[in-house]
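S.K.: The sequence shown maps to residues 25 to 320 in the working numbering.
Quick reminder that beta carbons are idealized off the backbone N, C-alpha and C, glycines included.
Could you have a look at this structure, given as C-alpha cells, before my questions?
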Amino acid sequence: MGAKFNLDYYSGVDGYSDGDIEEELLRIVKEHKDFDEVIANDNRWPILYHLSPVRENIINWYPFKEDATCLEIGGGCGAITGALCKKLSSVKVVELSKRRATILYERHKHFDNLEVFVGNLNDIEFDEKFDYITLNGVLEYAGSFTNTDDPYADFLKKIKEYLKPDGKLIVAIENRYGLKYFAGAKEDHTGKEFDGITGYKDTNSVRTFGKKELEELLSRSGYREQEWYYPHPDYKMPMEIYSQYWLPSSSGELMQAPNFDYERFELFDESDAFKGIIENGQFEFFANSFLVICGE
C-alpha cells in the first residue's frame with residue numbers, strides 16, 4: 025500500500041528552498057536506499073544535512089509509547105521521518121515546500137503508516153489529536169509563516185490544539201547563546217557572526233532563544249511541564265545527548281562544534297572553554313542546542 029501524499033492544502037508556492045541541489049536530492053533518494061556512499065563522495069553540506077543517518081540520533085533513543093501517533097511539523101527532506109515511522113503506529117507530516125515533501129515521500133514511501141501533507145499548518149485542519157508532535161528545527165521560523173503580533177506563542181498554541189491531554193510536544197532548536205557562537209561560528213539561519221547574541225537586529229523572520237526565554241515562551245503557550253535535554257555538538261548532528269538530570273563532567277572532553285555550511289572564525293578552543301563553564305554550573309546556559317519534551 026505504502027505512504028500517502030496529500031496536496032489538498034498546497035498553495036502552489038514553495039516558500040523556501042536549498043536551491044537546485046534539491047533536485048539532486050530527489051534523484052538520490054529515488055536511486056539509493058542507503059546514502060553512506062553518496063555522503064562519503066560528496067562534501068556539500070545540504071547532502072550531509074538532509075541524508076546523514078546521524079540526524080536520527082535526536083529522536084531514535086526516545087521511549088515512545090506503544091501504538092502512538094505523531095504529527096511531524098516541518099518534515100523537510102525526511103531526516104527523522106523514518107525513525108518516527110519505525111517507532112510509531114501512525115505518522116502524519118506537514119511540509120510547506122512541495123519539492124521537499126516530494127523528497128521525503130520518495131525516501132519513505134514504503135511505510136504504510138505515513139501520510140505527507142504539503143502546505144502551511146495554519147491552513148490545515150486535522151480531525152484527530154496526536155500523542156506526539158515534533159518541531160525539529162521549525163519553531164525558529166514561526167515568525168515567517170505565522171502572521172500575528174506574537175507568532176511564536178501563537179504557533180505553539182495552535183499546535184496544542186492537536187495534542188492529546190497527555191501528549192508530548194518535542195522541540196529541537198539552537199540556543200542563541202550557544203558557546204559556538206561566542207567562539208566565532210556564524211548564526212545558523214542568518215549567516216552572521218554574533219547575530220543571535222546581539223538580538224537579531226536586522227531580521228524579524230527567524231530567531232532562536234536562550235534557555236530562560238524558551239522556558240517562558242513554552243510556559244505561556246500552555247506547556248508548563250518541560251524536560252530539558254542538550255544535544256552536543258548540536259541537534260542537527262548530535263553525537264551525545266545530555267539531560268537536566270545528567271550533565272557533562274568537567275573532566276570529560278566536549279568536542280568543538282563542526283562547521284559544515286559556513287566558514288567561521290575560531291576565536292578560542294570550545295572544548296577548553298566548556299571545562300570552566302561546567303565547573304561553574306553554566307553548561308545549560310551555553311549548550312549549543314536544546315531538545316525539550318513538553319506537556320501540559
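Mark S35 as exposed unless 16 or more other C-beta atoms lie within 10 angstroms of its C-beta, in which case mark it buried.
M.R.: Residue mapping note: residue 35 aligns to position 11 of the sequence shown, counting from 1. The residue is exposed, with fewer than 16 neighbouring Cβ atoms inside 10 Å.
S.K.: Scan the segment 93-178 and note each continuous alpha helix (DSSP H) run of 4 residues or more that stays entirely inside, going in chain order.
M.R.: 105-111, 122-132 and 166-169
S.K.: Can you have a look at D155 and say buried or exposed, based on whether 16 or more other CB atoms are within 10 angstroms of its CB?
M.R.: Along the sequence shown, one-based indexing puts residue 155 at 131. The residue in question, D155, is buried, as its Cβ has 16 or more Cβ neighbours within 10 Å.
S.K.: Does the Cβ-Cβ distance between Y176 and R231 come in under 9 Å?
M.R.: Stepping through the sequence shown from its first residue, residue 176 is reached at position 152. Stepping through the sequence shown from its first residue, residue 231 is reached at position 207. Taking 9 Å as the Cβ cut-off, Y176 and R231 qualify as a contacting pair.
S.K.: Are the CB atoms of L31 and L49 within a distance shorter than 9 Å?
M.R.: Position 25 of the sequence shown, counted from the start, is the residue given in the question as residue 49. Position 7 of the sequence shown, counted from the start, is the residue given in the question as residue 31. Against a cut-off of 9 Å, the Cβ pair of L31 and L49 comes out as no contact.
S.K.: Any chance you could list the beta strand (DSSP E) runs of at least 3 consecutive residues sitting entirely within the segment 188-253, in chain order?
M.R.: none
S.K.: Just list the alpha helix (DSSP H) runs in the segment 243-305, keeping only unbroken ones of 4 residues or longer that don't cross its boundaries, in chain order.
M.R.: 294-303
S.K.: So the alpha helix (DSSP H) L72 belongs to, where does it begin and stop?
M.R.: On the sequence shown, position 48 is the one that residue 72 refers to. W69 to L75 is the span of the alpha helix (DSSP H), which, as asked, contains L72.
S.K.: C94 and V195: beta carbons closer than 9 Å?
M.R.: As a working mapping, residue 94 is identified with position 70 in the sequence shown. As a working mapping, residue 195 is identified with position 171 in the sequence shown. Going by C-beta atoms, C94 is not nearer than 9 Å to V195.
S.K.: Looking only at its chain, what residues have a beta carbon closer than 6 Å to the beta carbon of F150, apart from the 5 residues adjacent to it on each side?
M.R.: Position 126 of the sequence shown, counted from the first residue, corresponds to residue 150. Apart from sequence neighbours up to five positions away, the residues of its chain that approach F150 with a beta-carbon distance below 6 Å are Y186, ordered along the chain.
S.K.: In three-state terms, what does DSSP make of K57?
M.R.: Translated into positions along the sequence shown, residue 57 becomes position 33. Residue state, collapsed to three classes: coil.
S.K.: Applying the criterion that 16 or more other CB atoms from any shown protein chain within 10 Å of the CB defines a buried residue, is H132 buried or exposed?
M.R.: Here residue 132 refers to the residue found at position 108 when the sequence shown is read from its first residue. H132 should be labelled buried.
S.K.: Nearest to P189 by CA position, among K236, L180 and K153, is which residue?
M.R.: As a first step, residue 189 must be located in the sequence shown, where it is residue number 165. For the residues K236, L180 and K153, the minimum Cα distance to P189 belongs to K153.
S.K.: If you draw a straight line from the C-alpha of L180 to the C-alpha of L242, how long is it?
M.R.: Translated into positions along the sequence shown, residue 180 becomes position 156. Translated into positions along the sequence shown, residue 242 becomes position 218. About 8 Å.
S.K.: Using a Cβ distance threshold of 8 Å, determine whether the segment 159-175 contacts the segment 92-111, with at least three qualifying pairs required.
M.R.: Look at the beta carbons and you see the segment 159-175 touching the segment 92-111: at least three pairs across the two are nearer than 8 Å.
S.K.: Give me the Cα-Cα distance between K111 and Y266, rounded to the nearest whole angstrom.
M.R.: Start at 1 with the first residue of the sequence shown, and residue 111 comes out as number 87. Start at 1 with the first residue of the sequence shown, and residue 266 comes out as number 242. Straight-line Cα distance between these residues: approximately 22 Å.
S.K.: Using beta-carbon positions only, say whether F298 and L193 come within less than 9 Å of one another.
M.R.: Start at 1 with the first residue of the sequence shown, and residue 298 comes out as number 274. Start at 1 with the first residue of the sequence shown, and residue 193 comes out as number 169. For F298 and L193, no; Cβs fall outside 9 Å.
S.K.: CA-CA distance, D173 and E277?
M.R.: Position 149 of the sequence shown, counted from the first residue, corresponds to residue 173. Position 253 of the sequence shown, counted from the first residue, corresponds to residue 277. The alpha-carbon atoms of D173 and E277 are separated by roughly 43 Å.
S.K.: Look at the alpha carbon of F292 and the alpha carbon of Q280, and state the distance between them as a whole number of angstroms.
M.R.: Within the sequence shown, the letter at position 268 stands for residue 292. Within the sequence shown, the letter at position 256 stands for residue 280. Going from the Cα of F292 to the Cα of Q280 covers about 10 Å.
S.K.: Could you check the C-alpha separation between V140 and I301 for me, to the nearest Å?
M.R.: Here residue 140 corresponds to residue number 116 of the sequence shown, with the count starting at 1. Here residue 301 corresponds to residue number 277 of the sequence shown, with the count starting at 1. Spanning the two alpha carbons is a distance of roughly 43 Å.
S.K.: Do the segment 257-275 and the segment 214-229 touch if we need at least three Cβ pairs shorter than 8 Å?
M.R.: no
S.K.: The ligand NAP and G305: does the residue's C-beta get closer than 8 Å to at least one heavy atom of that ligand?
M.R.: What this structure holds is no ligand at all, so the ligand NAP is not there to describe.
S.K.: What does a CB cutoff of less than 7 Å around Y86 pick up in its chain, not counting 5 residues either side in sequence?
M.R.: Numbered from 1 along the sequence shown, position 62 holds the residue referred to as residue 86. Cβ within range, chain order: n/a, list empty.
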